Structures are given as structure tokens and as C-alpha cells.
Amino acid sequence: MSNNNPKMVPVPSHSIIPERDVDKTPVLEAQHLGIDFGGLTAVDDFNMVIGRTEIAGLIGPNGAGKTTVFNLLTKVYQPTRGAILLEGKETTGMTTAQVNAAGIARTFQNIRLFNNLTVEENVKVGLHNQNKYSTFSGILRLPSFWREERKSHERALELLSIFDMEDLANHKAGSLPYGAQRRLEIVRALATNPCLLLLDEPAAGMNPSETAELMDNIRKIRDTFNIAIMLIEHDMNLVMGICEGIAVLNYGRIIAKGTPAEIQANPQVIEAYLGKKKEG
């Protein structure tokens with residue numbers, strides 16, 4: 014599964030997904046998605062299909078609407094039009110919490126950790142959906158509460174070990190260096206047991222060696238958890254080095270979709286990023 018250049022094949026709605034995912038229901042289908050804010054169209058006719066174990070990219074100039082798309086997928090915003098299918102099921106009317114429980118987890122451009130909680134406690138926040146004790150047993154600290162607490166502790170350390178962070182379990186999240194905070198946010202998102210992980214500029218603020226390590230970790234997450242990952246990212250080396258299918262957004266509309274090689278050679282994409290060449 015760690016093939017860097019998988020064969021991409023067409024599926025309905027003018028999309029491509031990895032050949033290995035063709036026999037499975039796509040993890041995500043966005044159909045004619047759009048949203049208006051006070052008469053201004055922010056995203057329009059957004060169509061995208063993500064394969065069950067695909068690493069997908071969403072790129073575009075600043076202000077193109079990329080984070081708005083993430084906010085639509087996670088129901089921070091309810092779409093004005095269109096539909097979102099998660100593993101073939103409509104998410105219409107779902108809240109952010111319900112979509113998260115159904116399988117979409119995300120990180121943010123600006124890190125959102127609980128800085129005064131420990132690293133382990135931050136991960137346990139992500140695990141709370143899976144706790145099986147009642148409020149009553151929690152208040153009275155019954156045996157079922159301690160059983161679940163022990164399981165949560167073990168699961169948190171297991172997840173932290175993906176990034177070799179288990180030794181930091183008792184450190185305050187706010188005391189971690191920047192790169193480690195980014196990794197912790199990804200671990201907390203994974204704790205919710207997603208089928209689709211959305212990463213909003215995961216390499217922001219990272220140096221080249223941290224970015225290279227992040228690329229390895231993203232592949233490792235996909236292979237370990239057998240999930241799909243979609244990322245917004247400005248670091249083109251990371252995008253072209255790790256993404257299998259890429260969609261390019263400009264002024265709220267998709268202007269191109271394809272493999273990294275196709276996107277790099279697309280004249281519309283080059284123009285969107287670099288502007289038109291002057292005649293002369």
C-alpha cells in the first residue's frame with residue numbers, strides 16, 4: 014500500500030481514485046457542494062471522490078476556499094446546496110459532533126490543543142466517544158469506570174507511540190515544541206477512530222527535516238489505520254511527494270483534478286499560482 018505512484022483510475026463524477034480502492038465504497042463523495050455568505054459565493058459546484066485508503070490533496074492560492082471546504086465537510090458550515098456522502102451515507106443535517114462520530118476527524122491551521130492539560134489528557138479528549146461507562150459509574154468511580162480509564166490510558170500511549178511521543182505523556186501540551194504540538198493534534202484526531210482524516214496545513218511552520226518526517230508519518234498513519242487522508246497544504250514538495258489524487262481550487266471552484274504529474278503540467282493551475290504571462 015505504500016506505493017508512491019499508484020495507478021489512478023476514473024470513477025463517476027470526473028474523479029480518479031487509486032485502483033486498489035475501486036472495489037470499495039469511496040470514503041467521501043462531495044456532490045455539487047456550495048455555500049453562499051450574504052449573497053457572495055464562497056464555494057461552488059465542488060465535486061470530489063476520495064478512495065477508501067487514498068492520500069488526497071486540496072490545493073490552491075490563498076483565499077481560494079480550501080478551509081471553507083473542510084468546514085463544509087465537518088459541518089462547521091451547513092452547505093447551501095449539494096450533498097456530502099461519508100462511506101455512502103448522507104451527512105445532511107448532521108452536526109459537527111455527529112460527523113466526527115461518523116468518521117471525519119480534522120486538525121486546524123492554528124493548533125487547537127488544551128495547553129494546560131497533559132499530552133495524554135489531550136489524546137483522551139479524542140477517545141471520549143469510545144468510553145463505555147455511564148455518568149453514574151463515573152461519578153461514583155465504580156469498577157467499570159476504572160476499567161475504561163485503564164483502557165483509555167493504554168490506548169492513548171499506543172497512539173502516542175506512532176510518533177514516539179509516549180515518553181511525553183505527562184508533559185503539559187503547551188510546553189511542547191511546535192512540531193510536537195502538530196503531531197499531538199494529529200494523534201488526538203486519530204483517537205476519534207476516523208475513516209477520513211483532514212489535515213489543514215500540517216507542515217505549516219515546519220523546517221524541511223520535520224516536513225520530510227511528517228510525510229513518512231502520514232503514509233505510516235494511512236497504512237497502520239487503513240484510512241483515507243485529505244490535506245490542504247502550501248508546501249508543494251509535500252503535496253507532490255505524498256498525494257495520489259489532487260484537486261485545485263481557485264475562487265471557490267475546482268479548476269483541475271489529477272495525479273501530481275498532471276497537476277504540475279496543467280496550464281490553468283500554473284496560471285492560478287503564477288498569474289498570466291505578460292505578452293511581449
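For what it's worth, our numbering labels the leading residue of the sequence shown as 14, then goes sequentially.
Yeah, the Cβ is synthetic: ideal placement off N, Cα and C, and Gly gets one too.
As the structure is a computational prediction, the values presented were derived from the model and not from experiment.
Between T80 and D213, is the Cβ-Cβ spacing less than 8 angstroms? yes
Could you pull the DSSP bridge partners for R119 from this structure? L211
Please list the terminal residues of the continuous beta strand (DSSP E) segment that includes P295. Residue coverage of the chain in this structure runs from 14 to 293, which leaves residue 295 outside it and unanswerable.
Identify whether I240 lies in helix, strand or coil by the three-state DSSP scheme. coil
Pairwise C-alpha distance: G258 and R33: When rounded, the separation of the alpha-carbon atoms in R33 and G258 is 13 angstroms.
Cα separation between T38 and D58? 22 angstroms
Out of K137, P19, F83, C256, state which residue places its alpha-carbon closest to the alpha-carbon of A69. C256
I283 versus I276 - alpha carbon distance: Roughly 9 angstroms between the two C-alpha positions.
Tell me the DSSP secondary structure of M107 in three-state form. coil
Per DSSP, what kind of secondary structure is K137 in: helix, strand or coil? helix
May I ask you to list the residues that DSSP assigns as paired with Q44? A96
Where in the segment 240–280 do unbroken runs of the alpha helix (DSSP H), each at least 4 residues long, occur, reported from the N-terminal end onward? 249–255, 273–277
Tell me whether P280 is buried or exposed, calling it buried when 16 or more other Cβ atoms sit within 10 Å of its Cβ. Its Cβ having fewer than 16 others within 10 Å, P280 is exposed.
Would you kindly work out how many angstroms separate the C-alpha atoms of F83 and N123, rounded to a whole number? 14 angstroms
Pull the bridge partners of F59 from the DSSP assignment, please. L46
Would you report the Cα separation of T120 and I199, rounded to the nearest angstrom? A direct Cα-to-Cα measurement between T120 and I199 gives close to 6 angstroms.
Taking three-plus beta-carbon pairs below 8 angstroms as touching, is the segment 177–196 in contact with the segment 218–226? yes
Backbone CA spacing between M21 and T105 [nearest angstrom]: 29 angstroms
Which same chain residues, not among the five before or five after V252, have their C-beta less than 8 angstroms away from its C-beta? G70, I72, L244, E246, I259, P273
Using a 10 Å radius around the Cβ and a threshold of 16 neighbouring Cβ atoms, would you call G139 buried or exposed? buried
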